[in-house]
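Below you'll find the structure, written out as structure tokens, and then a few comments.
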Amino acid sequence: MKKRAGKRFFSLMYVPDQEGDPKSILLSYAQGRMLFILLILLGIHVLLGMAGYFYAGTLRKERAVLTDTVAALEAENKQIERIVQEFQEIRARDQRIRQAFGSTLGVKPDTPEEWAKVLAEAEQAVQSFAEIREPASEPDIRPKRVRDGLYFLTQKETGYNGPEYLPTLLPVGGYLTTHFQKGGGYRGRDHFGIDIAAQKGAVIHAAGAGDVLFANWTPDFGNMIILGHGNGIYSYYGHAMRLLVEQGTHVRKGQAIALLGSSGISSAAHLHFEIWKDNQPHDPEDFLFAIRK
């Protein structure tokens with residue numbers, strides 16, 4: 027330690043390992059304190075930097091974990107959305123079936139026994155519908171109400187006699203793919219109407235004026251409309267994509283009543299069109315002027 031002009035100093039000496047002269051630095055006490063503080067701050071800075079580096083690494087790992095978790099949650103959410111959509115479709119289909127089978131409206135089965143009862147009623151309704159579509163032995167029998175909700179069977183005789191009410195208008199323009207067959211000529215079974223193939227979404231028109239006796243879903247013909255024209259004459263429009271009229275309304279001849287589709291038991295878009303009189307099916311080609319020409 028040296029003392030110069032009343033000030034106190036100290037020397038820092040550096041001695042190299044190899045040959046060479048030692049070197050020394052002369053510092054005052056004030057300079058030494060400054061150097062010491064700087065070294066402390068530098069050490070703190072290094073420590074903080076190392077801590078920040080490790081903390082950043084931890085955050086990166088946590089971020090990667092959170093990213094994977096979010097991706098998994100999004101995938102589960104999409105799966106839940108699909109399940110909800112399928113459930114809504116099943117619920118809507120169930121609602122349509124309940125509306126078709128009138129005896130089950132308002133029923134909410136909670137037990138297997140109640141479900142079995144509903145299914146038995148549904149099977150009975152299908153059987154009733156199949157029986158009513160076969161020619162009756164008594165000519166005076168009018169269509170009657172069956173358990174599948176076909177309310178057209180309660181239609182009363184109204185005495186329509188004008189030509190406006192005769193189903194003579196071609197419901198939709200297209201290609202006649204299947205003719206009327208009675209007696210097992212169509213694939214070994216009866217075909218009580220004609221099939222007209224056309225573009226999906228084409229407008230179906232009422233063949234004649236009358237009342238909408240039925241406008242709802244059926245198991246075989248999908249979205250179906252039945253019009254009552256009076257004098258025991260009825261026209262059927264099956265496999266529609268969308269119904270444009272409601273049950274109980276009156277329609278004019280040529281009025282748009284549905285959009286052509288492929289609902290129910292169908293392999294392609296077409297209109298299944300039938301005409302019945304006094305509970306007997308008739309060949310629509312005998313009624314339709316467009317085809318008779």
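In my numbering, the protein residues as written are 27 to 319. Glycine included, each C-beta is placed from N, C-alpha and C at the ideal position. These figures come from a predicted structure and were not determined experimentally.
Residues bridged to residue i [DSSP beta-bridge criterion]
i      : result
Gln306 : Lys303
Leu314 : DSSP, once it has assigned bridges, lists no residue as partnering Leu314.
His296 : Ala223
Leu286 : Ala266
Arg359 : Residue 359 lies beyond the stretch modelled for the chain, which goes from 27 to 319, so this question has no answer here.
Gln207 : His217
Boundaries (first-last residue) of the beta strand (DSSP E) holding residue i
i      : result
Tyr201 : Tyr201 to Thr204
Spatial neighbours of residue i in its chain, beta-carbon cut-off 7 Å, leaving aside the 5 residues before and after
i      : result
Tyr191 : Gly234, Ala235, Gly236, His255 and Gly256
Gly199 : Ala224
Gly227 : Met267, Leu285 and Leu286
Leu67  : none
Pro42  : none
Asp47  : none
Ala118 : none
Glu88  : none
Close Cβ partners of residue i (< 6 Å) along its chain, the five nearest in sequence each way excluded
i      : result
Lys303 : Gly258 and Ile259
Ser50  : Ser37 and Met39
Gln207 : His217
Val229 : Ala282
Tyr262 : Ile252 and Glu300
Asp309 : Phe206
Gly188 : none
Arg34  : Tyr55
Ser289 : Gly248, Asn249 and His265
Leu73  : none
Leu176 : Confidence at Leu176 is low in this model, with a pLDDT of 38, below 50, so the placement of that residue is unreliable and no value is reported for it.
Close Cβ partners of residue i (< 8 Å) along its chain, the five nearest in sequence each way excluded
i      : result
Glu272 : Val238 and Ala241
Phe62  : none
Gly209 : Asp216
* Taking the runs of the beta strand (DSSP E) that are 3 residues or longer, which of them lie wholly in the segment 216 to 278? -> Here the runs fully enclosed are 220 to 223, 229 to 231, 236 to 244, 248 to 256 and 259 to 269.
* Specify whether the segment 215 to 229 and the segment 240 to 248 touch according to this definition: at least 3 beta carbon pairs, one from each stretch, less than 8 Å apart. => no
* Asked: What are the start and end residues of each continuous alpha helix (DSSP H) run of 4 or more residues lying completely inside the segment 37 to 62, in chain order?
  -> Counting whole runs of 4 or more residues, the segment 37 to 62 contains no alpha helix (DSSP H) stretch at all.
* Asked: Between the segment 265 to 273 and the segment 302 to 315, do at least 3 Cβ pairs fall closer than 8 Å?
  -> Judged by Cβ distances under 8 Å, the segment 265 to 273 makes no contact with the segment 302 to 315, as fewer than three pairs qualify.
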